[in-house]
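Residue numbers (our numbering): 20 to 1330.
Even glycine gets a Cβ: it sits at the ideal position worked out from N, Cα and C.
Read through the structure below, which is laid out as structure tokens, and then see the notes.
And the structure:
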């Protein structure tokens, strides 16, 4: 009956435990919450259970705990209360339970040895520490002992015992010599786990007197030294000598020589032993054996395998080490010592025991009033530990009773707890190898709900990813959690949400519409609280242009793209990796905004490149492979096999293809006998083939090399193969390109192309040359020659066909019979001239000539054709003879007629015909005379227009250079052009052929005319020349320079019949001249500069001047020019500064002049001393003023006498109102200009001085003006050269007069 009750109680306990696991409260690790909640004490830090201290330093026994309210501390020593107030050497740290025992001020550490335990207590319970055993460390000295020297026979074993003093903790042992050098150890000599030094067999080199064992005590940082041990090893030879010296001849003596011995275990002794080790520790098993030769140790586990990954061998495999042992490592371990004479073994029975270890340690329990709970304490060990409970440090059996508590073995069950049920419980699990002590409190709390998550916390997630909204809470009883969306939203339910026990709301797939405010509500029977959090759903980061697979040649460059798209509120960072590692630290790698570029690519750059894009919310990546290709490496290991007279097999090993498959191999050969150092193409094979059968020629010393080819290119040639010399043989072929051509009329030159060295097939290469006359029954004539490719046969008839053949031979015989070729002996000049030469004149420039062919026999060679020689005898129009220049036309083959082009009209010609062969030309036929008819004339040689007046112009011209007949008349056409570029009516005048000038009258004043002029013969009109001229406004001005292309014409002109011109019909539009601005000049002063220019183009242009500091990148400054002036003054410039300037015109396609550079004058240096008040300066100024006054009076007197400057006289002659002194204040010049101004012509005043037009000029284009004189014009039209101080070059031709233009003339000007 009692057993059934016990089973029922166990079942009930299990059910309660499972229920409690569901309902027990978890206290969040929130610092603010923990400060506010009442909590029983918890030990947070304590000293180790076995605490060995340094006796020379203060003893610190740690005990730290936390709780609410803060706990108080007390100690027991050896099971009784330790009153620290009664011991002046002991203090407790403030707000702590840590004890400090003052040893350094007179205390003795040994006096404080014992078992200490700390208790931390507050109103809710008491927690206790482990039993802390305090022991001071000890490092005793070695006891004095008398050590006898060790005398050992060579080959015997030896053990040097250390036997260190017993210390706390045990010392570390090592062996050294007097020089503090570690003694060398090996398979033969090694130190055991107990510190002894073992010799499996001694050798003579082991003899020494300073084997010293050292013990190092780490706690006290001291080293103790044993007295040196002496070892002397006797060899058998020396031992025999000693014995022989001490025994008589009759004694029987003689020690045995060193003998080999089978292994014997020095440690452990016997055949078996036992070892106990605790779970989790390191198991060390040792076997050291004696023997000669030195035994080798091997370890096995009987009935099993040594544990993998935890087994290690140390001390030359004499020590087996197994870490972190467990009960499964129990068993028999056998060590086997073996040498060539046998073996010895020892079995160690290992038992693994276990101090207690936790299976389930008790955990703190937070309950609400009326709730149930359990504390579980489960531990294991070997032997199985005993479980005991304590309440607030007191055994539970004698602790105050609690009706809500029931102990059931390793479990305490709590039912309907109240706040007074709070306590700290200790679980003690112990066996013979140790104990475990754990504190776990039961804290009964009644707390309203609290939300620990920060208010209005912002969560950001990526679209289509989970969103986790925290609602960390606490309350007792445990609150219920509900979630709402929006301020007045309904409670969240359904499969689209996941509600976690810790209050977290999970949205498995967040969308853009999931963005918003979410409210978490926590409630229990003591109250309710809520908190709002914000959720933002962002667009995902995407790589819209991923890096792509690239193939690049070595030393090229490559670029990977990584173009991304991301949410505008997120800041992405792009990282590039190579083979999942950082990019090499190399300046060749250039990382751009959305790409990675690698310059000068090498083989090391081959690999996978990854673009990783990170934001604070997501990360994406894309990878691409870079393959670096290059020409293949050369093949190697060439081998020749299967050598035959005419073939051999070549094999090779391909080199690295460098990521581009080898497509084919090229095989080349070298003939070391005939052409050493020259490589020739032999053959090629596919890239999959590494052997080839090669055809060979006789008498060649072959070497071969192989070149690999891929898509990138050809590899370097391989190393040459071994040489292979083929045997000699008859030649296989004869010379090629055999020819027979005579160089003289009585010889035949036979030539051929010699065989190459390898074609000779053997030594002694020669040629057999044979010939005979064709179609004549003659025998072959032959000669044998060597080292030549030509043979001359003399005494042959002229131009006779011969049959020729050339055969190769060497020391072994002849080549096959050669084929025959036909050649001819030498040619001679033709014997006769062509007959019946006839000429037919086609037109004035073309004639056709006929002749009869000569007989072929008289050609005496290969007929190449006929040559026609023709030349002009005289012109029929001029009757003048000149140097005869013969022209030649060649007509190939057997042609009997030909055309003679390019003849001059109205001329007398002669011609003859000759036959031509390979030797040269034959005799000429009799000269044949023929004449060409008239043609149209060339254009007149020149046209000049001079003497312009108000209503007349004078025209002069020259006759055509080539009249091509008898001139009959001249045709003159002209028409006016108004200022809008419209053409007026065309007037035509016929002029007799004997005239050379004409005066046109009754023209309109200040009007431009265009003239068209040509000559005529009876055949028709020739090409025309054109010219333009302008009548002047009045006759008061000085004559203008003549205009035209010709220069220096100064004949006296005479008038012919005047031509009236009074009609003004409708005008027609013509294309204006292309506008331009040229000859920009500057005259600079200190702070200003005069700019002038020449303009050619339509009227009414609006000019502007742009300027800036030379060499500066600043924008141009712009100044507008008033009116249509061709000059401007720039003011406000910086002294001593270089400026750039250019002139432009608005409204004319924005054209402007080229740039000009000028420099302003230097600034005047200022004096630092004010000299205006100096007496000497005042006197000097008065003297200067008086001198100036005298000069002015003299100038006034000279002026009244009528003296004028030359320029003034010229200007007074002009009635043009424009030529007036200009005001200084408006930026223009006065009456007398500075010689350095160099102002060019104003617009409309640049008519050239010569109107002659050359015949090569276009008939309908305007001539280029302004080239007739070398001087310059001022802005008012006056010639600067007249009064400039600067010396001007003398003009080559033309006159130097200038004329002031009228306003109307200027308006009608085209230039």
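- Just so you know, the alpha carbons of residue 821 and residue 758 end up roughly 10 Å apart.
- Looking at 652, 793, 691, 687, the one whose alpha-carbon comes closest to that of residue 733 is 652.
- Less than 7 Å separates the beta-carbon of residue 955 from that of residue 1038.
- Rounded to the nearest whole angstrom, the CA to CA distance from residue 676 to residue 737 is 14 Å.
- As for any beta strand (DSSP E) of minimum length 3 sitting wholly inside the region 182-226, the runs are 191-195, 208-210, 216-218, ordered along the chain.
- Collapsing the DSSP output to three states places residue 1204 in a helix.
- The bridge partners DSSP lists for residue 95 are 100, 136.
- Per DSSP, residue 770 is one residue of the beta strand (DSSP E) stretching across 766-772.
- It is roughly 34 Å from the alpha-carbon of residue 117 to the alpha-carbon of residue 495.
- Here residue 58 is buried. Its C-beta has 16 or more other C-beta atoms within 10 Å.
- For residue 434 against residue 441, the beta-carbon gap comes to about 15 Å, at or over 8 Å, which does not count as contact.
- A distance below 7 Å between beta-carbons, with the five flanking residues on each side excluded, links residue 921 to the following residues of its chain, in chain order: 864.
- For residue 1038, there is no enclosing beta strand (DSSP E), as DSSP marks it with neither H nor E.
- Pairing residue 686 with residue 662 gives a Cβ-Cβ distance that is not under 7 Å.
- Under DSSP, residue 988 forms a beta bridge with 1011, 1035.
- Per the coordinates, the alpha-carbon of residue 1151 lies some 30 Å from the alpha-carbon of residue 1115.
- By the criterion of a C-beta distance shorter than 6 Å, residue 725 is surrounded in its chain by 654, 671, 684, 686, 737, once the five residues flanking it on both sides are discounted.
- If you look at residue 790, you'll find it in the beta strand (DSSP E) that goes 785-792.
- With a cutoff of 7 Å on beta-carbon distance, residue 386 and residue 463 are scored as near each other.
- Look at residue 894 here: in three-state DSSP terms it is strand.
- Less than 7 Å divides the Cβ of residue 448 from the Cβ of residue 455.
- Looking at 895, 1155, 929, 67, the one whose alpha-carbon comes closest to that of residue 903 is 929.
- No Cβ-Cβ contact shorter than 7 Å links residue 306 with residue 232.
- Per the Cβ contact rule, the region 167-182 is not in contact with the region 470-481 (fewer than 3 Cβ pairs under 8 Å).
- Residue range 1157-1165 is occupied by the beta strand (DSSP E) that includes residue 1163.
- Membership of residue 417 in any beta strand (DSSP E) is not indicated, and neither H nor E is assigned to it by DSSP.
- Taking a 10 Å sphere around the C-beta of residue 541, we find 16 or more other C-beta atoms and assign the residue as buried.
- Cβ-Cβ distances below 6 Å link residue 622 to 647 in the same chain, with the five nearest sequence neighbours on each side left out; the list follows chain order.
- Closest in alpha carbon position to residue 427, among 394, 252, 469, 128, is 394.
- Scanning 818, 801, 845, 82 for the CA closest to the CA of residue 826 turns up 801.
- By alpha-carbon distance to residue 459, the top candidate from 400, 378, 792, 383 is 383.
- The way I'd put it, the region 111-126 doesn't touch the region 166-178; fewer than three beta-carbon pairs between them come closer than 8 Å.
- Residue 812 and residue 760 do not touch by the CB rule: their CB atoms are close to 11 Å apart, not below 8 Å.
- When 162, 299, 204, 253 are compared, the shortest CA-CA separation from residue 245 is found for 162.
- The region 959-976 makes no contact with the region 908-917; the number of CB pairs closer than 8 Å stays below 3.
- Excluding the 5 residues flanking it on each side, residue 227 has same chain C-beta neighbours closer than 8 Å at 196, 249, 250, in chain order.
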